[in-house]
Amino acid sequence: MQKTTLTPAPADLHRLHTQITHWFDVHGRDLPWRRPEAGAWGVMVSEYMLQQTPVVRVLPVWHEWMERWPTPADLAAEPSGEALRAWGKLGYPRRALRLHAAAQRIVEDHDGEVPGSFDELISLPGVGDYTAAAIACFAFGAPETVVDTNIRRVHARAITGNALPEPSYTAAEARLAAALMPPRDAADPRLPGPWGEYDDGALACRWNAAVMELGALVCTARNPKCDACPVASSCAWIEAGQPAPHYTPKGQPWAGTDRQVRGAFMAVLRGADAPLGRDELVAADVVLATDAKADQLERCLASLLADGLAHEGAHGISLPH
DNA sequence: GATTCGTGGAG
DNA sequence: TCTCCAAGAAT
138 MQKTTLTPAP
148 ADLHRLHTQI
158 THWFDVHGRD
168 LPWRRPEAGA
178 WGVMVSEYML
188 QQTPVVRVLP
198 VWHEWMERWP
208 TPADLAAEPS
218 GEALRAWGKL
228 GYPRRALRLH
238 AAAQRIVEDH
248 DGEVPGSFDE
258 LISLPGVGDY
268 TAAAIACFAF
278 GAPETVVDTN
288 IRRVHARAIT
298 GNALPEPSYT
308 AAEARLAAAL
318 MPPRDAADPR
328 LPGPWGEYDD
338 GALACRWNAA
348 VMELGALVCT
358 ARNPKCDACP
368 VASSCAWIEA
378 GQPAPHYTPK
388 GQPWAGTDRQ
398 VRGAFMAVLR
408 GADAPLGRDE
418 LVAADVVLAT
428 DAKADQLERC
438 LASLLADGLA
448 HEGAHGISLP
458 H
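The opening residue of the first sequence carries number 138 in the working numbering; numbering runs sequentially from there.
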């Protein structure tokens, strides 16, 4: 039994599209991976880096990667440890490992070209529903429904009337996002914008990017800038009196966690130009600063080796080859 | 479905 | 200072 999805009437939906996409044309950021010269590989690299990581932190690293590895084959030819080192402090270094593995798969299975279909993309390591839809849409113009945390928040407020989306992505949200997509045969197929003209097939991509950008710049999680919002006059959350979220977000503990200790180990390995003994590794300042006991240090080191984020050879531990 | 997985800036 | 959280994916 599927519940009916609450969606605006066609006229209201059209107004919503017009308001948000126009706002995007005026206020959207000129991010390098949105330029045509970025190519599918540039889009793909950006999507991996942007998973749970702010744009401002991704920008310099993305430029380094695109200069050093302009194609999937260029990255695939390097040891995975080079990808990890170049990943720097973006966080979640397994993303670098997965991107490296995906590049190798692209060389082996796709003749070195980033595949353009959702099904091919989602089969790559590190690509889930969001990333597959985003690459297919932003790099190839496929009319996929893209749903990220920004888009979920905009929908929760503007349409549903809640301060924040539920912690877990629901089927109702997916139906809503699909229902909000612009019609495939829109009457106004070519609209001028700062990045060129959008043809009919790119309407969906423009919509996806626009809603995402609205969530990132205006409809933010904390202190939303409703005064600058193009759809404030019809926002269900504002109409409801901007009620507070009805759940308390769970904190992300950090001090003393394995994540902190693993991160400290990885920072040492990134900076080392030769393998290190376990004693050297544990004695490093950043590791000592975690104040971790011997059992936790051992457990974290073992997990890094098991994850392929580190490699132990005859001369010690280093980034993988 | 709940957990785990880095990092650092903003308020 | 401390809490929140930022274009998620895999298990």
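Note that beta-carbon positions come from the ideal geometry of N, C-alpha and C, so glycine has one too. Predicted, not measured: the structure shown is a model, and the values here were computed from it.
Reduced DSSP secondary structure (H/G/I, E/B, other) of residue i
| i | result |
| --- | --- |
| Gly265 | coil |
| His247 | coil |
| Gly165 | coil |
| Leu474 | With the chain represented from 138 up to 458, any question about residue 474 goes unanswered, as that position is not in the structure. |
| Leu301 | coil |
| Thr155 | helix |
| Leu413 | strand |
| Gly330 | Note that Gly330 scores a pLDDT of 43, beneath 50, so its modelled location is shaky; the value from the coordinates is reported in the next line. Strand. |
| Leu227 | coil |
| Ala214 | coil |
| Glu281 | coil |
| His237 | helix |
| Met138 | Annotation note: pLDDT 43 at Met138 (below 50); position unreliable, no value reported. |
| Trp391 | coil |
| Leu143 | coil |
| Ala365 | helix |
Distance between residue j and residue i (C-alpha atoms, nearest Å)
| i | j | result |
| --- | --- | --- |
| Pro329 | Phe161 | Interpretation of Pro329 is limited by its pLDDT of 49, a score under 50 that renders its predicted location unreliable; the figure taken from the coordinates is listed afterwards. The straight-line gap from Cα to Cα measures roughly 12 Å. |
| Gly378 | Asn360 | 15 Å |
| Arg232 | Ala148 | 42 Å |
| Ala276 | Pro216 | 26 Å |
| Leu261 | Tyr185 | 12 Å |
| Leu406 | Leu446 | 10 Å |
| Ala409 | Ala421 | 11 Å |
| Glu310 | Arg289 | 7 Å |
| Phe255 | Glu245 | 18 Å |
| Gln433 | Ala401 | 12 Å |
| Leu258 | Ala269 | 5 Å |
| Pro331 | Pro457 | Residue placement at Pro331 is flagged as unreliable, the pLDDT there being 40, under the threshold of 50; the coordinate-derived value follows with that caveat. If you take the alpha carbons of Pro331 and Pro457, they lie about 43 Å apart. |
| Ala369 | Leu212 | 45 Å |
| Thr394 | Ser371 | 44 Å |
| Asn287 | Leu221 | 28 Å |
| Arg396 | Leu438 | 11 Å |
| Thr203 | Gly179 | A quick correction: the sequence has Met, not Thr, at residue 203. One C-alpha to the other measures close to 7 Å. |
| Arg343 | Ala308 | 24 Å |
| His164 | Ala426 | 43 Å |
| Ala146 | Arg166 | 30 Å |
| Ile157 | Ala347 | 6 Å |
| Leu187 | Val195 | 7 Å |
| Ser305 | Thr190 | 19 Å |
| Trp224 | Gly218 | 10 Å |
| Arg171 | Ala214 | 26 Å |
| Arg415 | Asp444 | 17 Å |
| Ala239 | Leu442 | 20 Å |
Contact under 8 Å by Cβ, residue i with residue j
| i | j | result |
| --- | --- | --- |
| Thr482 | Ala314 | The shown model of the chain, from 138 to 458, leaves out residue 482, and the question about it has no answer. |
| Ala300 | Pro380 | yes |
| Gly450 | Pro390 | no |
| Val398 | Gly352 | no |
| Leu317 | Leu150 | yes |
| Pro169 | Ala175 | yes |
| Val423 | Ala404 | yes |
Residue i: first and last residue of the uninterrupted alpha helix (DSSP H) it sits in
| i | result |
| --- | --- |
| Ile454 | Segment Gly453 to Ser455 is the beta strand (DSSP E) holding Ile454; no alpha helix (DSSP H) there. |
| His383 | From DSSP, His383 is part of no alpha helix (DSSP H); its letter is neither H nor E. |
| Val192 | Val192 to Arg205 |
| Ala346 | Leu340 to Leu354 |
| Tyr185 | Gly176 to Leu187 |
| Val398 | Asp395 to Gly408 |
| Ala431 | Ala431 to Asp444 |
| Ile296 | From DSSP, Ile296 is part of no alpha helix (DSSP H); its letter is neither H nor E. |
| Asp256 | Phe255 to Ile259 |
| Ala373 | Ala373 to Glu376 |
| Asp428 | Neither: Asp428 is in no alpha helix (DSSP H) and is coded neither H nor E. |
| Asn287 | Thr286 to His292 |
Unbroken beta strand (DSSP E) run spanning residue i, endpoints
| i | result |
| --- | --- |
| His448 | His448 to Gly450 |
Inter-residue CB distance, residue i and residue j (contact presumed, cutoff 8 Å)
| i | j | result |
| --- | --- | --- |
| Gly253 | Ala273 | 6 Å |
| Arg242 | Gly263 | So it is not a contact: roughly 10 Å between Cβ atoms. |
| Ala210 | Gly249 | 5 Å |
| Asp266 | Met349 | The Cβ separation is near 15 Å, so there is no contact. |
| Ser183 | Trp199 | 6 Å |
| Ala373 | Ile454 | Not really, about 54 Å apart at Cβ, beyond 8 Å. |
| Pro382 | His154 | At roughly 27 Å, the Cβ-Cβ gap does not stay under 8 Å, so Pro382 and His154 are not in contact. |
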